[in-house]
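Residues 2 to 187 in our numbering are what the sequence shown spells out, letter by letter. The beta-carbon is built from N, C-alpha and C at its ideal position, and this holds for glycine as well. Data first, discussion second: the structure below is written as structure tokens.
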Amino acid sequence: MEHLLLLSAAIINDASNALIMLANSVLGSSENSLKMVKSIVNDLGINSSIAENITGEPVEGRLQKLTLDNLFMIGNLLFTNCPAVRNMLSLSSYTFKDSIYRTKSNLYDYGLITHGLFYGVNDSISIVRSKINGETYITVALGVRSAFHRDAMIYQTLSKIMNSDIQKTKLENIRKIRKSTYKIIY
């Protein structure tokens, strides 16, 4: 139960300390957790420079290179292969010791997303899942200025899908990934 509370705190409240406590509790140390993360990143064929620490925060003196493709791949795995994490990513708030913690996003409230992971400096990184007209979409954002800017970008992208602008997108810009997910490249 303690592990689920720590994971919830890390996911919903963007709590780096909760991630470190979870790593120490489950795998014995942050170093062991980082080794596991690096192994997973390696297995996925993702640039290993994205795994410099377990919190996702910048590391002084080290270049961390994260791409939209990396985020999309991670999101696809989180939303399809990890049911416990997926369930947590569907929560926009949680209660701990009589306090309510909310994600820094209005996208849940407006029904635009069903799941979301928001993290990084100024919440500049996000992976969200939406269900629109029976289709599942994964949208990623990277390098945004603020949570407001991030939500605005995601809203704009999802609005194009909801307003059928997707049909106006050139066919060669839509790449089918595995049989269920589409990625639109602008």
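Item to check | Inter-residue spacing [alpha-carbon to alpha-carbon] between tyrosine 138 and glycine 62 | outcome: Numbered from its first residue, the sequence shown carries residue 138 at position 137. Numbered from its first residue, the sequence shown carries residue 62 at position 61. Answer to the nearest angstrom: the Cα atoms are 36 Å apart.
Checklist entry - So is serine 26 buried or exposed if we call it buried at 16+ other beta carbons inside 10 Å? => result Residue numbering aside, residue 26 sits at position 25 when the sequence shown is read from its first letter. That one is exposed.
Next on the checklist: Can you determine whether any heavy atom of the ligand MG sits closer than 6 Å to the C-beta of serine 34, and answer yes or no?
Outcome noted: You won't find the ligand MG in this model; it holds no ligand whatsoever.
Item to check | DSSP beta-bridge partners of valine 129 | outcome: The residue you call residue 129 lines up with position 128 of the sequence shown. Bridge partners of valine 129: Gly117 and Thr140.
Next on the checklist: Going by DSSP, what residue range makes up the alpha helix (DSSP H) through isoleucine 155?
Outcome noted: Taking the sequence shown and counting its residues from 1, the one referred to as residue 155 is at position 154. Unbroken alpha helix (DSSP H) run through isoleucine 155: 148–163.
Item to check | Nearest-angstrom Cα separation, counted from valine 129 out to isoleucine 75 | outcome: Within the sequence shown, numbered from 1, the residue matching residue 75 stands at position 74. Within the sequence shown, numbered from 1, the residue matching residue 129 stands at position 128. Near 11 Å, if we compare the C-alpha coordinates of valine 129 and isoleucine 75.
Checklist entry - When DSSP builds the beta bridges, which residues end up paired with arginine 103? => result One-based indexing of the sequence shown puts residue 103 at position 102. According to DSSP, which records beta bridges pairwise, arginine 103 is partnered with Ser94.
Item to check | Given 8 Å, three or more beta-carbon pairs between the segment 77–92 and the segment 103–122 | outcome: yes
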